[in-house]
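Protein sequence lines correspond, in order, to chains V and D. Position 40 (the first sequence) corresponds to 27 in this note's numbering; numbering is contiguous. If you want this note's numbering, it's the position in the second sequence, counting the first as 1, plus 918.
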Amino acid sequence: MMGPELLGRLVDEHAAALVLYARQWCAAPEDVVQEAFLKLVVQKPPPEQPVPWLYKVVRNRAISAARSARRRQRREAEAAARSKTWFVPTEGAGLDAEAATAALQGLPEEQREIVVAHLWGGLTFEQIAVITGTPASTAHRWYLAGLSKLRERLHVPCPKTK
Amino acid sequence: MSENEMKPLESALAALQPRPAAFDRDRLMFLAGQRSAARRGWKLPVISAALASAATLVGVLLLYRPEPQVVVLPDTPRELPAPPSPLAQADTKPAAANYISLRNRIVTAGIDALPPLPPDSSSSSPSNAIFRPHVLPRDDFDIPGGSP
């Protein structure tokens, strides 16, 4: 069974990225992530790779919660999900948090999921492939496609054209 | 588009910090401990309950155990030994009568009243050898001062 030290470290290091990951689908990502951590605690034996395991559980629960929410109050849930900025507002140089949020929300779901899991979750494409059920090469291709769209929407110049 | 061309964008995106999780970390840790404790020991309570039930059952059985009963059986007449068969009676009675009459004759008339010994059949019947010391011939007695 998982000890409190490891659980605390996982919460500190991955909770925010997991919430960001779950936010793609549902309006209450914190609940989903919290339940995922609580589920992790009672796993016997604990998963060998807890981080990908957490992402998989969060994904399944977030999609399930989104389906339930859609049945009940579709418009309200979508409005709530889109109203929040996904990132901490930045000051000075760097990408604008709201613009990045809008750009991410505009991506196709399969591309957005992979971009979030790789960039902020730190998962490898092999791990993402296991979670999403797609080949790693496909995950990598969708990642590059998502980045390309983000670059266009965020107006980030290509290094060669500088 | 190559991956190297995406590096600056990746770095810029990765620099964005996701909004912190809005749940209470301490509450999460408390709930985690609660669930792990609730999950941990279901075998031990079950075993303890089973043993306690067995002990209670044994105690109740001991408490209400019936006293050992003493069964008094009525006296039954002892079985008499089986009467001897008529054949055995026929064999023993004449032998006893013969012995008494022989004894009386020896007491009155002396040792000469003994009848002559039967012919020695030890070679044919080995069982007679057992009785031979008891039925000694008169010639075997060595009487001091008597005839040689």
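All C-beta atoms, glycine included, are put in the ideal place defined by N, C-alpha and C.
Query                                                                                                                                                    : Result
Would residue 949 of chain D and residue 137 of chain V be called neighbours here (beta carbons separated by less than 8 Å)?                             : no
When DSSP builds the beta bridges, which residues end up paired with residue 936 of chain D?                                                             : V/74
Count the other CB atoms within 10 Å of the CB of residue 150 of chain V; is the residue buried (16 or more) or exposed (fewer)?                         : Outside the shown range of chain V (-12 to 149) lies residue 150 of chain V, about which nothing can therefore be said.
So, with DSSP's three-state summary, where would you put residue 15 of chain V?                                                                          : coil
Over what stretch of residues does the alpha helix (DSSP H) that includes residue 127 of chain V continue unbroken?                                      : 123 to 141
Do residue 116 of chain V and residue 42 of chain V count as a contact pair if the criterion is CB distance below 8 Å?                                   : no
Does the stretch 88 to 104 of chain V come within contact of the stretch 25 to 36 of chain V, defined as at least 3 CB pairs closer than 8 Å?            : no
Between the alpha carbons of residue 1015 of chain D and residue 989 of chain D, how many angstroms are there, rounded?                                  : 51 Å
Looking at residue 53 of chain V: is its Cβ nearer than 8 Å to the Cβ of residue 107 of chain V?                                                         : no
Can you pull out the residues from the stretch -4 to 18 of chain V whose beta carbon lies closer than 7 Å to at least one beta carbon of chain D?        : -2, 2, 3, 4, 6, 7, 17
Exposed or buried, residue 945 of chain D, counting other C-beta atoms within 10 Å across all chains shown (16 or more means buried)?                    : exposed
What are the start and end residues of the alpha helix (DSSP H) that includes residue 98 of chain V?                                                     : 96 to 106
So for residue 948 of chain D, helix, strand or coil by DSSP?                                                                                            : helix
How would you call residue 966 of chain D, buried or exposed, if buried means at least 16 neighbouring beta carbons within 10 angstroms?                 : exposed
Do residue 38 of chain V and residue 20 of chain V have their CB atoms nearer than 8 Å?                                                                  : no
If you count every other CB in all the chains shown that lies within 10 Å of the CB of residue 148 of chain V, and 16 or more means buried, which is it? : Reliability fails at residue 148 of chain V, whose pLDDT of 48 lies under 50, so the model's placement of it is uncertain and the value that follows must be treated cautiously. By the neighbour-count rule (16 or more Cβ atoms within 10 Å), residue 148 of chain V is not buried but exposed.
What is the residue span of the alpha helix (DSSP H) that residue 963 of chain D lies within?                                                            : 961 to 981
Pick helix, strand or coil for residue 942 of chain D, following the three-state DSSP scheme.                                                            : coil
Return helix, strand or coil for residue 194 of chain V, following the three-state DSSP convention.                                                      : The requested residue 194 of chain V does not occur in the structure, where chain V is confined to residues -12 to 149.
In three-state terms, what does DSSP make of residue -1 of chain V?                                                                                      : helix
Would you kindly work out how many angstroms separate the C-alpha atoms of residue 952 of chain D and residue -9 of chain V, rounded to a whole number?  : 12 Å
Using beta-carbon positions only, say whether residue 933 of chain D and residue 3 of chain V come within less than 8 Å of one another.                  : no
When the Cα of residue 77 of chain V is compared with those of D/936, D/1037, D/922, D/928, which residue comes out closest?                             : D/936
Residues of chain D with CB under 9 Å from residue 72 of chain V, in chain order?                                                                        : 937
According to the neighbour-count rule (16 or more other Cβ atoms, all chains shown, within 10 Å of its Cβ), is residue 51 of chain V buried or exposed?  : exposed
For residue 953 of chain D, which residues in chain V fall below 7 Å Cβ to Cβ?                                                                           : 25, 28, 29
Of all the options V/87, V/95, V/-7, V/133, which has the alpha carbon lying nearest to the alpha carbon of residue 35 of chain V?                       : V/-7
Count the other CB atoms within 10 Å of the CB of residue 91 of chain V; is the residue buried (16 or more) or exposed (fewer)?                          : buried
Compute the distance between the beta-carbons of residue 86 of chain V and residue 134 of chain V, then report whether it is under 8 Å.                  : no
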